[in-house]
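A.B. asks: Handing you a structure now.
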Amino acid sequence: MIAYLVRRVLLMIPTLFGIMLINFIVVQFAPGGPVEQTISRLKGTGISATEHITGGGGDTVSTGGNRSQTGTGDSNSQYRGARGLDPRFLEEIKRMYGFDKPAPERFWMMMKNYLRFDFGNSWFKGGSVIDLIISKLPVSISLGLWTTLLVYLISIPLGVSKALRDGSSFDIWTSGILIVGVAIPSFLFALVLVILFAGSSYLNWFPLRGLVSDNWQQLSAFGKVADYFWHLVLPVKAMVIGSFAGLAMLTKNSFIDQINQQYVTTARAKGASERRVLYGHVFRNAMLIVIAGFPATFIGILFTGSLLIEIIFSLDGLGLMGYESVLDRDYPIVFGTLYIYTLIGMLTQLISDLMYMVVDPRIDFEARDL
984 MIAYLVRRVL
994 LMIPTLFGIM
1004 LINFIVVQFA
1014 PGGPVEQTIS
1024 RLKGTGISAT
1034 EHITGGGGDT
1044 VSTGGNRSQT
1054 GTGDSNSQYR
1064 GARGLDPRFL
1074 EEIKRMYGFD
1084 KPAPERFWMM
1094 MKNYLRFDFG
1104 NSWFKGGSVI
1114 DLIISKLPVS
1124 ISLGLWTTLL
1134 VYLISIPLGV
1144 SKALRDGSSF
1154 DIWTSGILIV
1164 GVAIPSFLFA
1174 LVLVILFAGS
1184 SYLNWFPLRG
1194 LVSDNWQQLS
1204 AFGKVADYFW
1214 HLVLPVKAMV
1224 IGSFAGLAML
1234 TKNSFIDQIN
1244 QQYVTTARAK
1254 GASERRVLYG
1264 HVFRNAMLIV
1274 IAGFPATFIG
1284 ILFTGSLLIE
1294 IIFSLDGLGL
1304 MGYESVLDRD
1314 YPIVFGTLYI
1324 YTLIGMLTQL
1334 ISDLMYMVVD
1344 PRIDFEARDL
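Under the working numbering, think of the first position of the sequence shown as 984, with each following residue one higher.
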């Protein structure tokens, strides 16, 4: 087991490096980098160059990229909107964002800092990247945790019931519900919930903004808990409707596949009770594939599935921050969150593999080659 864990951890290093490198290369060709963003903001707001650069703090976080290393002739021609600017001023802007260095050097400096979990400072939001991520975690974790919990609590019993009643009227009408759940995107269902229950057109039962109320600090302990869950009802419900259908069908199909195995017939022939056969043998084996899908389900809900939900319900979480950072070309946040998400995803996948052994001790990863 120890050798297997060591091999998996060592394999994470080139995987993480490769993901960061590929995304860094792609960013080099993305138009509208931070230099162009700054030039556009300067021309749009009329702020003096000296005032802006002083306010920028001269931060030289070496992440991200731009096509600053391409082109010939006047360096101003490399950046949209830079024509007519003093070349020395443009060079100062490039130095402020670290673009006065070659792309390979920027990538190497970025990775060295990331190994120490030093993600630098945001270029446009202010404050360190790690502090910004920590400040957004309560919202994203709340959405991801409760959604994942409800999805599994609904999907597994429903999938097992459908498998045991395969072909019955219960199986048919629940399949219709699952089809509707797959067909309706979470964000569309969220809009319907807002219209019906958040005061848009009909009922005004649930709040529409934030994770807690403005007077949350003045509430009692019970009031704080109730207020917190009251704000989560609509966004979590919208996320669950788009996530439980696939897991329920996966559970059903896995359960049916195991019921048709030879060991089930043998167990019944030996006189084992139906309950013993189903929940002592079939359930344990059928849940292996469900457990294998847990990391993808959790990570998808936590980091990507909540993006539009956060926007619709004005929830300031990681998804919304990441989206805004991509639009702003705030590369310290973009690459910092990518690094953290990738690392968490790989660690979660490793935990999932170890859970196989807990569910079924017959599985021995140590005896297999990676």
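Backbone N, C-alpha and C fix where the C-beta goes; we use that ideal spot for every residue, glycine too.
#1: I need the DSSP call for SER1118, collapsed to helix, strand or coil.
#2: What alpha helix (DSSP H) runs, 4 residues minimum, are completely inside the region 1273–1340?
#3: Pick out whichever of LEU1115, ILE1292, ASP1101 and TYR1185 has its Cα sitting closest to the Cα of GLY1225.
#4: Determine the burial state of ASP1313: buried for a count of at least 16 other Cβ atoms within 10 Å of its Cβ, exposed for fewer.
#5: Which one of TYR1246, ILE1295, VAL989 and PRO1140 has the shortest CA to CA distance from MET1232?
#6: Ordered along the chain, which non-local residues of its own chain (more than five positions away) have a Cβ less than 8 Å from that of SER1169?
#7: Which residues bound the alpha helix (DSSP H) around ASP1210?
#8: Exposed or buried, what is THR1046 when buried is set at 16 or more other beta-carbons lying within 10 Å of its beta-carbon?
#9: To the nearest angstrom, report how far apart LEU1298 and PRO1218 are at their CA atoms.
#10: Is the beta carbon of LEU1194 less than 7 Å from the beta carbon of VAL1265?
#11: Out of THR1157, LEU1186 and VAL1165, which one is the CA nearest neighbour of LYS1145?
#12: Is the CB-CB distance between LEU1161 and ALA1228 below 7 Å?
#13: Decide if SER1151 is buried, meaning its Cβ has at least 16 other Cβ atoms within 10 Å, or exposed.
#14: Kindly give me the distance between the Cβ atoms of PHE1100 and VAL1112, rounded to whole angstroms, as I take these residues to be in contact under 8 Å.
#15: So MET1003 packs on MET1094, CB below 8 Å; how close in whole Å?
#16: How is the alpha helix (DSSP H) around ALA1250 delimited, first residue to last?
#17: Quick one: Cα of ILE940 to Cα of ILE1124, how far?
#18: Measure the C-alpha to C-alpha separation of LEU1310 and ASP1149 and round it to an integer number of angstroms.
#19: Compute the Euclidean distance between the alpha carbons of THR1130 and LEU1174, then round it to the nearest angstrom.
#20: What first and last residue would you give for the alpha helix (DSSP H) that runs through GLY1001?
#21: Using a Cβ-Cβ cutoff of less than 7 Å, which residues in the same chain neighbour PHE1189 once the five nearest sequence positions on both sides are dropped?
#22: Just to confirm my understanding: we take GLN1241, look at its own chain, exclude 5 residues before and 5 after, and list those with CB closer than 6 Å. What are they?
#23: Could you tell me the alpha carbon to alpha carbon distance between LEU1171 and ARG990, rounded to whole angstroms?
#24: Using the C-alpha atoms, what's the distance from ILE1274 back to ILE1282?
#25: For SER1203, count the other beta carbons within 10 Å of its own beta carbon; 16 or more makes it buried, fewer makes it exposed. Which is it?
#26: Mind checking VAL1260: buried by the 16 CB within 10 Å criterion, or exposed?
C.D. replies: Per the coordinate set shown:
#1: When secondary structure is reduced to three states using DSSP, SER1118 falls in the helix class.
#2: 1277–1282, 1290–1295 and 1301–1311
#3: ILE1292
#4: buried
#5: It is PRO1140.
#6: ALA1221, MET1222, ILE1224, GLY1225, SER1226, GLY1288, LEU1291 and ILE1292
#7: Per DSSP, ASP1210 is one residue of the alpha helix (DSSP H) stretching across 1204–1224.
#8: For THR1046, the pLDDT reaches just 40, beneath the cut-off of 50, and the residue's location in the model is therefore unreliable, although a value from the coordinates is still provided. THR1046 should be labelled buried.
#9: If I take the Cα positions, the gap works out to 9 Å.
#10: no
#11: THR1157
#12: yes
#13: It is exposed - the Cβ of SER1151 has fewer than 16 other Cβ atoms within 10 Å.
#14: Rounded, the Cβ-Cβ distance is 10 Å, inconsistent with contact.
#15: 7 Å
#16: 1245–1252
#17: Given a span of 984 to 1353 for the chain in the structure shown, any question on residue 940 remains unanswerable.
#18: 48 Å
#19: 18 Å
#20: 985–1011
#21: PHE1180, ALA1181, TRP1213, VAL1216 and LEU1217
#22: VAL1265, ASN1268 and ALA1269
#23: The alpha-carbon atoms of LEU1171 and ARG990 are separated by roughly 44 Å.
#24: C-alpha separation (whole angstroms): 13 Å.
#25: exposed
#26: buried
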